[in-house]
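What follows is one structure encoded as structure tokens, with my remarks underneath.
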Amino acid sequence: MKLVIAVVQDEDVNELMSALMKNKYSATKLASTGGFLREGNTTLFVGVDKEKVEDLITLIKDVCKSRRQTFTTPMPPTGSAGVFIPYPIDVMVGGATIFVVDIDRFEKV
Ligand code: 2BA
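Everything in the sequence shown is counted per my numbering, starting at 683 for the first residue and increasing by one.
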């Protein structure tokens, strides 16, 4: 048994959850925040037999799209004024960030 942890963009979550349910996967959805952009994203936990991992990753890849995201960061102060000037940075945010973890024991009691 494996635990697939997928960090996905909020925009893709509804479609991905529908695809997971349609394909009979059980999933848990957690609200999360990216450390770099400090924006909301969603983390999904999906417990699956190891034979299903590739199928699940393919499904996630099919649904989750890469997007260019612009965020504004304050430029460090230059000169003596100490004024922070906001400037935009473009970042490519992935389809999904996926971790596959071994499960020692899985029980529902
Ligand atoms: P964030 O940490 O908000 O990162 C959003 C995007 O910003 C990343 O997209 C990447 O393109 C860029 N980025 C992240 N850290 C950076 C840095 N130190 N310098 C320059 N650019 C940086 P993704 O790689 O697609 O990641 C999307 C989200 O997946 C991340 O949101 C984070 O929540 C999660 N994630 C990515 N890699 C992870 C890891 N190794 N461990 C845990 N979570 C991860």
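Cβ atoms here follow ideal geometry from the backbone N, Cα and C, with glycine treated the same way.
Inter-residue CB distance, residue i and residue j (contact presumed, cutoff 8 Å)
i, j, result
"V686", "I780", "6 Å"
Inter-residue spacing [alpha-carbon to alpha-carbon] between residue i and residue j
i, j, result
"S714", "N723", "5 Å"
"I767", "S748", "28 Å"
"A688", "Q751", "19 Å"
"T710", "L702", "11 Å"
"K732", "G717", "29 Å"
"T755", "E721", "13 Å"
"K743", "Y769", "32 Å"
"G777", "F788", "28 Å"
"I739", "F753", "28 Å"
Residue i classed as buried or exposed, judged by whether at least 16 other C-beta atoms fall within 10 angstroms
i, result
"K684", "buried"
"I771", "exposed"
"L712", "exposed"
"D692", "exposed"
Beta carbon of residue i nearer than 8 Å to that of residue j
i, j, result
"V773", "L719", "yes"
"N696", "L741", "no"
"V775", "L698", "no"
"V735", "V783", "no"
"I707", "V728", "Residue identity differs from the one stated: residue 707 is Tyr in this sequence, not Ile. Result yes, Cβ atoms of Y707 and V728 sit closer than 8 Å."
Residue range of the alpha helix (DSSP H) that includes residue i
i, result
"V745", "V735 to V745"
"A709", "No alpha helix (DSSP H) holds A709; DSSP gives it neither H nor E."
"L726", "Not the alpha helix (DSSP H): L726 falls in the beta strand (DSSP E), residues G722 to V730."
Where the beta strand (DSSP E) through residue i begins and ends
i, result
"L685", "K684 to V690"
"D786", "Unbroken run through D786: none, as it is neither H nor E."
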